Ligand SMILES: Cc1ncc(C[n+]2csc(CCOP(=O)(O)OP(=O)(O)O)c2C)c(N)n1
Ligand SMILES: Cc1ncc(C[n+]2csc(CCOP(=O)(O)OP(=O)(O)O)c2C)c(N)n1
Ligand SMILES: [Mg+2]
Ligand SMILES: [Mg+2]
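Protein chains in written order, with the working numbering: chain E, 1 to 334; chain U, 335 to 668; chain Y, 669 to 996; chain F, 997 to 1324.
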């Protein structure tokens, strides 16, 4: 953990950071279990190992800001403060889920929290984030749109187009590239001629920085500084967070393409482990604080699972609901 | 004209460069006339002012190399050595045209000359060029694929994807960005946050250089050096040629977005004018050489127009021909 | 109510201008909508009146700026995104299908995307294969969006207003050959046109000709020609391609018992097939004979005039199809 | 000829492997076809056998690598491009429609694009709206490409070989629910299957059920069920979606006089509409009643099993539609 960042960290903040990371970690471990139990179906992409990114970044955002994420977004949803029960119910596909169960693990939406997905098309969320930021700028709302995506997305044309639009129009977007080194089974050096995604961002004249995505304090500090600049009207900012997923890409992935040693090595840098150790060493937190957070997470997750279990299925009659907005007397364009 | 480049220029080469530029210039002036006479229809995008680019680059290519261009490709077709009569007949839409008249001015193809269009989708030719080069590399053919496109195309996702693929796979492509400052009516600084397209190319680790696209000698020199490197197995190369179109974007464009002064200023740097002046000053060519080239161009164009006029229309019965390859005993995949 | 003569282009222009004046949230975004004035000159002068923010020239990035339009709609704006032509919309389909059309349902009704996308469509100007597509049928296949094709000057003005008032994404197809068409437009402030129903453009009793967009005038011409031979055609302008107004079609079939569908799209798996299938399902026992389709020949549209004409529906082919159905 | 039990996935794998062995020009390119082994594991082990050049992992750049496949085909190779699923093909449509499908005609017959594109398609695995598309109909609309949907293990192996031998672009749709299906495959070297004709999967005299791809098994199940009630269905597997084999369909209609079309695509403006329209045009006087369609409900496909099932064609719905057409 970098010495610079320790200074400003209060005990309360440390509790919040670690509490959220633990919640996400345990929540996802539970999801893996529930997947085996066939309560959760479809694709499930675990965020385990990457928690510091969502948690660190979200601490820099205010409730008015917007978030756009990917199919690996349960962690982001929880860090953003979505009710864990609703997130879990969405994983089940229940009517009490964030998206009424329609989307499942890849499509968690929550308008109240300005959480705009959940997007299963790699790169597909980037232009949306640009547009949300454009709306804010045109409406003179001093809000930030934060867009998470993987390093794999950086190869897509939509990445390029979105970077250019955001920079050209000086829009208030915080781009957070969660560079976990792999896009499914394809290592970054096999998919990008320039493996620094930050260099790409810079080629659009976007300011940014490399961040240790295993260090929640570093992520938080970087995000705070970036969000500050954005709110200050300085245009978009870019963070390239070097991170790692401890699990395979999805529950279907046999993970043939990574070395066991590599995984083990990264695990020693795990964000929960690392932060806990540091917090105890620096006496910011005690072991019993941590135990307390674990217990709280366990309770929250139990509660979330109960909520999900008890939540009803959306009735089949509602299948065609919400394809279009129900007709009512509409306001006209003028 | 840069002193460096003068040295290696023979009289014959000077004649060729100027002859081709004059041919293209006069050919296109004729096209404008024929457009008014409604002999040529649809869209017509003149290359006038930009001749040095096609002419200079083509001199560096050998007949085995491939060329991919845009809808502004008549100049490239002529510089590549396509028979002017066939190019003109294509502009008419006659059966004697390069593409049997099917494509018109935006879709000139000539397999014999490895001239792969003519593409009316901005950016659409870039992935094709990558693929042609990939085929060469896989077949161990020491050939170059040269891809022309405008600076406007650089904003498209396909630009980004193509740069990355070419660089990642170290493919023998010469990218030539003809930066004429405008994409239709949109000036470069209003469409790109980073207005150096070369900087973009570099962000993929592609080597390249800025080139004075009004100076045929400079273009030729840059292309020779780039093609040399590519043939040497050094991967793709990129040229950003700063140039200007003297005419509106197409025959439909009222040209409301440019200053008359700007156009006039660029005209003083016109490639035909500039090179002629320099060649006379340096006594490489005489005025009568130039007059001879003009006469030859005029003859060639007369001949091309006659050929186009006399060429038959493709019969309506052939409309459905060549949508698919006619069935014959096909070789199997093995 | 007085009327005045105006082009289709100017009708679009007026509707854009009034929308921009009437609602701060409305803005126009697309390639060359600003200083160039729009590829078809529909937005000429608007950047001078409304400024660069609201008349937003976009880089050549169809996926990017269409997606940005969707995001801006989510964020409280009412964007009008102009995709210069349908040909370039191929680069933006992911955003349209996977985001614009899907977000409302997928979010369980939380989000809506009040976005209007306008684009020119169709052949007829000798622009060859890559610039002559008619892909309305692709869009009409997708739940979550509405698709309209204003074939008249009144609709060109009035449908835009209604589309902007709609809380869901609406795609407007303007046939490129229509922009120069002239016609009378009533002087009224109350010009919103519904975007869900078909219109009987000509009423008749012998056969129903069903069409939309750039083929309406050709179909009307065919009907006039047939009238001279005593064949009385009813012509339906679909107007809305999604949803499709079945009631108007079936009511007409109940009267005429025969139908020809005219559609500039390629024949196979196009809009004409859908209309035919619906007639078969809903009016089978009304039918006196097979439903015929007059569509584009299944070739990339060629450049030369005679081949382009041969490839696309024309009055003579429409009339011939009607005669064949009628066996006259 | 001996036979052995094998999965659809392995049939694809075998066909790929043999194609790569048999022709130096063949290579496989796509996201995660290499070290990952293919999203559906069809290419597992091939990179070890053929190396990184010929089993080419591509970056997430659908438009880029599909376009590169087209270019490589022009340049003398025989690329097999895998688009992981049809959902991502939306990003590559410009290359497919404006280049692959068009180059031959537009160049006056000079060029040809011997390209095979494979992609997984369809719903049924609870992957929700953005990952459950069935857009075969869009591709089937486009002249210049061929479109096939192997519904059986034999076709999964055999159609790939024929597609590779074809001088024009062929798009192969593999329904994602089929990969784990098992069946018998004859041991033969001569396994190329034609890619133009439909197949009578079950012969019967009362009604014709027409389908393809992932719906074949559901349709067969419906037919078995109906057989118990004495309703004798003929089932046609279209196999080729472009061109469509009209003759087989009409011959069946001449016998049964009734048809239901089963198509996992959304109902409006889909493949089922085309089949219906063709029947109306070519077999109208053979028909005893309206042609029915069983398609997906027009909603973005939801994630929960019960809603996904409700949204897509199922044996009970197919049987019900058949009964309704037969009024039994
Ligand atoms: C456009 C598109 N292409 C392919 C896929 C299939 N796919 C899903 S996730 C993924 C890898 C993405 O990698 P990255 O962006 O690095 O994110 P990560 O999964 O590592 O978090 C791929 C190829 C997709 N969902 N969308
Ligand atoms: C994908 C796509 N979008 C839009 C257009 C319409 N269009 C044709 S040319 C052009 C400008 C291209 O500018 P540039 O690439 O700089 O080339 P230039 O015309 O200046 O040579 C535009 C917007 C198109 N043909 N294709
Ligand atoms: Mg990754
Ligand atoms: Mg330009």
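Virtual Cβ for every residue (Gly too), placed ideally from N, Cα, C.
Nothing here was measured: the structure is a model prediction, and the numbers come from that model.
Taking the alpha carbon of residue i as the point to measure from, which residue in the options has its own alpha carbon closest?
i, options, result
"residue 1025(F)", "468(U), 478(U), 659(U), 514(U)", "468(U)"
"residue 654(U)", "1124(F), 1101(F), 1028(F), 1241(F)", "1101(F)"
"residue 171(E)", "201(E), 35(E), 230(E), 155(E)", "230(E)"
"residue 105(E)", "47(E), 59(E), 152(E)", "47(E)"
"residue 311(E)", "125(E), 93(E), 290(E)", "93(E)"
"residue 822(Y)", "677(Y), 934(Y), 834(Y), 706(Y)", "677(Y)"
"residue 233(E)", "249(E), 244(E), 144(E), 113(E)", "144(E)"
"residue 495(U)", "166(E), 194(E), 119(E)", "194(E)"
"residue 497(U)", "98(E), 192(E), 95(E), 153(E)", "192(E)"
"residue 296(E)", "13(E), 27(E), 10(E), 11(E)", "27(E)"
"residue 544(U)", "553(U), 378(U), 375(U)", "553(U)"
Are there 16 or more other CB atoms within 10 angstroms of the CB of residue i, so buried, or fewer, so exposed?
i, result
"residue 798(Y)", "buried"
"residue 767(Y)", "buried"
"residue 513(U)", "buried"
"residue 20(E)", "buried"
"residue 985(Y)", "buried"
"residue 679(Y)", "buried"
"residue 1181(F)", "buried"
"residue 371(U)", "exposed"
"residue 509(U)", "buried"
"residue 586(U)", "exposed"
"residue 364(U)", "buried"
"residue 241(E)", "buried"
"residue 1214(F)", "buried"
"residue 1308(F)", "buried"
Is any non-hydrogen atom of ligand 3 found closer than 7 Å to the C-beta of residue i, if you look at the structure I gave you?
i, result
"residue 1304(F)", "no"
"residue 183(E)", "yes"
If contacts are defined as beta-carbon pairs under 8 Å, then residue i and residue j qualify, I think. What distance do you get, rounded to the angstrom?
i, j, result
"residue 1238(F)", "residue 1141(F)", "7 Å"
"residue 1203(F)", "residue 1255(F)", "7 Å"
"residue 828(Y)", "residue 687(Y)", "7 Å"
"residue 757(Y)", "residue 1136(F)", "Actually they are not in contact, since the Cβ atoms of residue 757(Y) and residue 1136(F) sit about 19 Å apart, beyond 8 Å."
Report whether the distance from the Cβ of residue i to the nearest heavy atom of ligand 2 is below 7 Å.
i, result
"residue 404(U)", "yes"
"residue 109(E)", "no"
"residue 197(E)", "no"
"residue 487(U)", "yes"
"residue 687(Y)", "no"
"residue 759(Y)", "yes"
Taking 7 Å as the cut-off, is the C-beta of residue i nearer than that to any heavy atom in ligand 1?
i, result
"residue 180(E)", "yes"
"residue 76(E)", "no"
"residue 1084(F)", "yes"
"residue 1027(F)", "yes"
Would you say the beta carbon of residue i is closer than 7 Å to some non-hydrogen atom of ligand 4?
i, result
"residue 484(U)", "yes"
**Request:** Could you tell me whether the region 545 to 565 of chain U touches the region 216 to 231 of chain E, where touching means 3 or more Cβ pairs closer than 8 Å?
**Result:** no
**Asked** Are three or more beta carbon pairs between the region 180 to 190 of chain E and the region 125 to 142 of chain E nearer than 8 Å?
**Response** The region 180 to 190 of chain E, when compared against the region 125 to 142 of chain E, does not touch it at the 8 Å Cβ threshold.
**Request:** Evaluate contact between the region 931 to 951 of chain Y and the region 891 to 898 of chain Y, counting only Cβ atoms and requiring at least three cross-stretch pairs below 8 Å.
**Result:** no
**Asked** Is it a yes or a no for the region 459 to 468 of chain U touching the region 395 to 405 of chain U, going by three-plus beta-carbon pairs under 8 Å?
**Response** yes
**Request:** Give a yes or no on contact between the region 950 to 964 of chain Y and the region 636 to 650 of chain U, applying the rule of three or more CB pairs nearer than 8 Å.
**Result:** no
**Asked** Contact between the region 741 to 754 of chain Y and the region 777 to 794 of chain Y: three or more CB pairs below 8 Å?
**Response** Yes, the region 741 to 754 of chain Y touches the region 777 to 794 of chain Y.
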